[in-house]
Amino acid sequence: MRPSQRGAWPYLFLTPAIVLFTLFLAVPIGYTVYLALRRTKVSGLGLGRGARREVYVGFDNFAAALADAELWSGWLRVLGYGSLVLVVMLGLALLFALMLDSARVRLARFSRIAIFLPYAVPGVAATLLWGFLYLPSLSPIRDVLDVDFLGATTVTYSMANVAVWGGVGFNMLVLYTTLRAIPRDLYEAARLDGASELQIAVRVKIPLLGPAIVLTTVFSIIATIQVFTEPTTLRPLTNTISSTWSPLMKVYRDAFVTGDLYSAAATSIVIAAISLVLSFGFLRVVRNHAFREG
Amino acid sequence: MRANRLGAALAVALTATLASCGSGEPTESPEAAQSRPASSPQGPVKLTYWTWAPNMDKIVEVWNKAHPDIQVTVSKQAGGDDAAAKFLTAAKAGNPPDLVQAEYQHLPSFIAADAVADLKAETAAIKGEFSEGLWGLVTLGTDAVYGIPQDSGPMMLFYRQDLFDEYGLAVPKTWQEYGEAARTVRKKDPKAYLGTFSSKDPGAFTGLAQQAGAQWWSISGEAWKVNIADEPTQQVAGYWDALVKEGAIDDMPYFTPEWNKALNDGKLLTWPSAVWAPGVLSSNAPKAKGKWAVAPLPQWNAGESFSGFWGGSSTAVSARTPSKAAAAQFATWLNTDPAAIDLLVEEAAIYPAATKAQSSLGEPPEYFANQPDFWQQAAAVSAGARGFTFGPNVGVTYNAFKDGFDKALQNGTPFTGAVQGMQDATVADMRKSGFTIAS
Chain A
1 MRPSQRGAWP
11 YLFLTPAIVL
21 FTLFLAVPIG
31 YTVYLALRRT
41 KVSGLGLGRG
51 ARREVYVGFD
61 NFAAALADAE
71 LWSGWLRVLG
81 YGSLVLVVML
91 GLALLFALML
101 DSARVRLARF
111 SRIAIFLPYA
121 VPGVAATLLW
131 GFLYLPSLSP
141 IRDVLDVDFL
151 GATTVTYSMA
161 NVAVWGGVGF
171 NMLVLYTTLR
181 AIPRDLYEAA
191 RLDGASELQI
201 AVRVKIPLLG
211 PAIVLTTVFS
221 IIATIQVFTE
231 PTTLRPLTNT
241 ISSTWSPLMK
251 VYRDAFVTGD
261 LYSAAATSIV
271 IAAISLVLSF
281 GFLRVVRNHA
291 FREG
Chain P
1 MRANRLGAAL
11 AVALTATLAS
21 CGSGEPTESP
31 EAAQSRPASS
41 PQGPVKLTYW
51 TWAPNMDKIV
61 EVWNKAHPDI
71 QVTVSKQAGG
81 DDAAAKFLTA
91 AKAGNPPDLV
101 QAEYQHLPSF
111 IAADAVADLK
121 AETAAIKGEF
131 SEGLWGLVTL
141 GTDAVYGIPQ
151 DSGPMMLFYR
161 QDLFDEYGLA
171 VPKTWQEYGE
181 AARTVRKKDP
191 KAYLGTFSSK
201 DPGAFTGLAQ
211 QAGAQWWSIS
221 GEAWKVNIAD
231 EPTQQVAGYW
241 DALVKEGAID
251 DMPYFTPEWN
261 KALNDGKLLT
271 WPSAVWAPGV
281 LSSNAPKAKG
291 KWAVAPLPQW
301 NAGESFSGFW
311 GGSSTAVSAR
321 TPSKAAAAQF
331 ATWLNTDPAA
341 IDLLVEEAAI
351 YPAATKAQSS
361 LGEPPEYFAN
371 QPDFWQQAAA
381 VSAGARGFTF
391 GPNVGVTYNA
401 FKDGFDKALQ
411 NGTPFTGAVQ
421 GMQDATVADM
431 RKSGFTIAS
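Sequence lines, in order, name chains A and P.
Once you know that position 119 of the first sequence is 119 in UniProt numbering, the rest is easy, because the numbers rise by one and skip nothing.
Once you know that position 52 of the second sequence is 52 in UniProt numbering, the rest is easy, because the numbers rise by one and skip nothing.
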């Protein structure tokens, strides 16, 4: 069939995708940009009809978002929290995946599900559950260990713990699946060469896992930048988490607590831009290295 | 690491909202369109009502039976600031409910967002049923009427009678005595506190500031006056600051599992709260039932009898509703009809705003069965309670309270600084929006 004979058919098949994309991605993003360029202006007391109108303010909201010191300290907090989560979570995920894949492990199927299970617990429930474990009068941990889990410095670790607990299983599964797809004869060859299990893991498996590790890292970076559930759920329990602890919390606060949708829209676009820079930046840095074998 | 999933859920929710407000015009559901009384007098008017008061559906059922032409559907909401945010968002999206339960402090933001209707004509006949103070909360001192008062929350001092007796404490009449009692408690039981200062509950702090005589907002001519860091407020902040820093008072927030447990176990002896406290205590501290008693708030000067308000709400009609008259009719019935008010007290456990109803309350709340004069005390306190006009951006002020006092507790900085922070944040936000502010 020549291209001209194909007619409209391909477009017909594409239509559902295009409609869904427009409705659920392009329109909301467009509306966010539209809102970010506007602001309400009230006159006088601002009461009653006609006292409030929406005006175009150009990039004022973006300028305000970029100049907001609270937002930048939010980024710093998330950077500290994120590096902790990334290293521990991905490290554990890799360790578990390698252990499950090693030939000698028993109860592999059970362990796999056990490690994955926390991922099935919704974030709010998981945070509440851990929150109760952190609270002095309710916690069995606090009976043994006299640490203030919700203190000004410890609270970051406590939150990271919740994220790690919930996230290890998912990342482990991605890495484990990749490991299972590696041809077994590679290991056999290594064994014939006299390599130990540990050597096989470090010299053969980890290099072959490169692309999967990059993938899970990018996912985790994006998720960490958008951290919201843990601090928001823990906030009522302690006075160490402010309403702008993370950048996304500031967006929520602006939109729904102080009723400024326009600033919220501008800040969310800034967050999206920073997420893009960080995740693509990371990809660029590791691309040559990680995909060399791929 | 669930933020990505949450983000997805938020995105879906946002899109759903967007889809319904694409044109910027109010989208009317088919029922709403049919329910225009002018165009179709034959069908019943259908109204939706957002409320968080318990058992409101039972009360509305009584109305629905008696008024086949105006059928109200209750949509149960989570209370507090979230409910206000949800209503404002729905109003902006063009699909708000016809009626909404509006806390007094949120009403000005609803008015400023042009989300609630002026009911001046519809409420002219019932104005006399409410005290001037409460009526002022729904008019903001203007000529318009933006809601019908439903309940009020005069503040009182709730205390553990049995433990007061055990430790030989007298019920404090002044705040100074309260401070001394706090120190005594620490000596008698190092694990117990007389009370706690919550950095999470701006409403409680607002009520205490009102008691001291604060006037955070006022309208003078065509301009707002913002005076959050006024002298009475600084006095209240400084007082609690000293007690917390000294260790005489705890700093755990209200309504947490920690707090529930302390109330239940007798490790917290008082709670300066509002008339609705029995409901909270009975569900959060069931073990201490019958051990609590109520007294007027301690005073700043001996012999005075002032109080403030924590909470309280009105029934407002959405500016976008096509059936304003019917909605106003229902709201009037709900808050002034004797039978309806009886139901509100019995089923929804509220302290009614209508003056007549306040004095006719009989049986005390079950949790306070040992205090037969509970409602008489409440009425006496209510008579001496002073409120103030709330501003158009209470959300900003309350958020500044939480962040400011959290930080002050954490870093040991003065509470008065946090109060100044509330003032600055509120004024900055109002200036940004273009409100006229009198200096």
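All C-beta atoms in this analysis are idealised placements derived from N, C-alpha and C, irrespective of residue type, glycine included.
### Message
Rounding to the nearest angstrom, what Cα-Cα distance links P/T426 and P/A214 in this structure?
### Response
Looking at the two C-alpha atoms, the distance is approximately 16 angstroms.
### Query
Just reading off the beta strand (DSSP E) that P/Y159 is part of, what are its end residues?
Counting along the chain, the beta strand (DSSP E) containing P/Y159 begins and ends at 148-160.
### Message
If contact is defined by three or more beta carbon pairs under 8 angstroms, each pair taking one atom from either stretch, is the segment 176-191 of chain A in contact with the segment 75-85 of chain A?
### Response
Flag = no, the segment 75-85 of chain A and the segment 176-191 of chain A do not touch.
### Task
For chain P, find out if any of its Cβ atoms is closer than 8 angstroms to the Cβ of A/L100; answer yes or no.
A/L100 does not count as touching chain P.
### Message
Let me confirm a value: P/S29 is counted as buried when at least 16 other C-beta atoms fall within 10 Å, else exposed. Which label applies?
### Response
For P/S29, the predicted model reports a pLDDT of 42, less than 50, meaning its position is unreliable and no value from the coordinates is stated.
#### Entry: Alpha-carbon spacing of A/I206 relative to A/S73, whole angstroms
Between A/I206 and A/S73, the C-alpha separation is close to 36 angstroms.
### Message
Taking the straight line between their C-alpha atoms, what separation do you get for A/F149 and A/L128?
### Response
Rounded to the nearest angstrom, the two C-alpha atoms are 14 angstroms apart.
### Query
A/S196 CB to nearest chain P CB: under 8 angstroms?
No, A/S196 does not count as interfacial toward chain P.
### Task
Name, please, each residue of chain A whose Cβ falls closer than 8 angstroms to the Cβ of P/Q410.
The answer, in chain order, is A152, N239, T240.
### Query
Mapping DSSP to helix, strand and coil, what is P/Q234?
Residue state, collapsed to three classes: helix.
### Query
From A/S279 to A/R106, what distance separates their C-alpha atoms?
Straight through space, the alpha carbons of A/R106 and A/S279 are spaced by roughly 37 angstroms.
### Query
Taking a cut of 8 angstroms between CB atoms, which residues from the segment 65-82 of chain A lie near chain P?
Residues: none.
### Query
Distance, Cα to Cα, P/D81 vs A/V257?
The alpha-carbon atoms of P/D81 and A/V257 are separated by roughly 7 angstroms.
### Message
Could you give the first and the last residue of the continuous alpha helix (DSSP H) run that contains A/G169?
### Response
Run containing A/G169: 154-181, per the alpha helix (DSSP H) assignment.
### Within chain A, the residues that P/G395 reaches when beta carbons sit closer than 8 angstroms
For P/G395, the neighbours in chain A by C-beta distance under 8 angstroms run, in chain order, V257, T258, G259.
### Task
Any chance you could list the beta strand (DSSP E) runs of at least 3 consecutive residues sitting entirely within the segment 199-240 of chain A, in chain order?
Whole beta strand (DSSP E) segments, 3+ residues: zero.
### Task
Please state whether DSSP places A/V105 in a helix, a strand or coil.
Here A/V105 sits in coil by DSSP.
### Message
Taking only three categories from DSSP, how would you classify P/S109?
### Response
The answer is helix: DSSP assigns P/S109 an H, G or I state.
### Task
Identify the contact partners of P/A112 in chain A, using a Cβ-Cβ distance below 8 angstroms as the criterion.
Near P/A112 (Cβ distances below 8 angstroms), the residues of chain A are V42, G46, L47, A51, R52.
### Task
Say whether chain A places a C-beta atom closer than 8 angstroms to the C-beta of P/F390.
Cβ-Cβ to chain A under 8 angstroms: no for P/F390.
### Message
Tell me which residues of the segment 132-147 of chain A have at least one Cβ-Cβ distance to chain P shorter than 8 angstroms, keeping chain order.
### Response
Those would be F132, L135, P136, S137, L138, in chain order.
### Query
Over what stretch of residues does the beta strand (DSSP E) that includes P/T51 continue unbroken?
Under the DSSP assignment, P/T51 falls in the beta strand (DSSP E) whose first and last residues are 45-51.
### Task
Helix, strand or coil for P/Q77, going by three-state DSSP, please let me know.
Coil at P/Q77, not helix or strand.
#### Entry: Continuous beta strand (DSSP E) stretch holding A/E54: start and end
Residues 52-56.
### Query
Alpha carbon to alpha carbon, what distance is there between P/T256 and P/I341?
Inter-residue distance for P/I341 and P/T256 is about 32 angstroms (C-alpha atoms, whole angstroms).
#### Entry: Buried/exposed call for P/V74, threshold 16 Cβ in 10 Å
When all chains shown are included, P/V74 counts as buried.
#### Entry: Expected contact under 8 angstroms - CB spacing of P/A248 and P/G179 to nearest Å
The Cβ separation is near 7 angstroms, so the contact holds.
### Query
Which chain A residues sit within Cβ distance under 8 angstroms of P/L281?
Those do not exist, as P/L281 stays about 18 angstroms from chain A at its closest Cβ, beyond 8 angstroms.
### Query
Which residues does DSSP pair with P/A274 in a beta bridge?
P/M155, per the DSSP bridge assignment.
### Message
Only counting the same chain, and skipping five residues up and downstream in sequence, which positions put a Cβ closer than 6 angstroms to that of P/T17?
### Response
Per-residue confidence for P/T17 stands at a pLDDT of 41, beneath the threshold of 50, marking its modelled position as unreliable; no derived number is given.
### Query
Is P/E222 helix, strand or coil by DSSP?
Look at P/E222 here: in three-state DSSP terms it is coil, with no helix or strand label.
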